[in-house]
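A short worksheet on the structure shown next.
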Amino acid sequence: MSSLNLFRKVALAEGISYIVLLFIAMPLKYWADMPLAVKYVGWAHGLLFVLYIACLVMAWQERKWSFGRVIVLFIASLLPFVPFYVEKKLKEEESIAN
């Protein structure tokens with residue numbers, strides 16, 4: 063598996079975990095008094111975020127991306143729903159390269 067393919071999959075998982083954290087776990091914590099939802103989903107999201115960064119660095123080295131592109135991809139991980147767009151664009155890039 064190429065680092066780009068791995069990065070795509072991690073971006074998708076990280077994006078899903080972020081959405082679940084923001085729109086399911088946080089409301090459960092504050093509106094339903096269920097703080098464990100944030101604890102476990104937050105832990106999973108944190109792990110996936112670190113994996114996202116590690117995979118970003120690996121893909122950067124393998125694909126020889128510019129520093130500016132890497133910064134944009136990093137910022138994309140901080141915004142809800144943007145990792146889904148990143149995954150789609152990287153999938154298109156991967157299909158063109160193959």
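The numbering used here puts the first residue of the sequence shown at 63, with every later residue one more than the last. Glycine residues also receive a C-beta, built at the ideal position from the N, C-alpha and C atoms.
How long is the line joining the alpha carbons of residue i and residue j, rounded to whole angstroms?
i      : j      : result
His107 : Lys151 : 22 Å
Leu140 : Leu68  : 19 Å
Val72  : Ser157 : 18 Å
Cys117 : Trp127 : 13 Å
Between residue i and the rest of its own chain, which residues show a CB-CB distance below 6 Å, the 5 nearest in sequence each way excluded?
i      : result
Gly79  : In the sequence on display, residue 79 carries Ser and not Gly. The answer, listed in chain order, is Ala106, His107, Leu110.
Ala121 : Ser65, Leu66, Phe69
Leaving out five residues before and five after residue i in sequence, what residues of the same chain have Cβ atoms less than 8 Å from its Cβ?
i      : result
Val100 : Leu83, Ala87, Met88, Leu90, Lys91
So the alpha helix (DSSP H) residue i belongs to, where does it begin and stop?
i      : result
Leu110 : 97–125
Met63  : It is not in any alpha helix (DSSP H) - Met63 carries neither H nor E in the DSSP assignment.
Leu90  : 88–93
How is residue i classed by DSSP in three states: helix, strand or coil?
i      : result
Leu140 : coil
Ala73  : helix
Ser79  : helix
Ser157 : helix
CB-CB under 7 Å to residue i, same chain, minus the five flanking residues each way: which ones, in chain order?
i      : result
Val148 : Ala73, Leu135, Ala138
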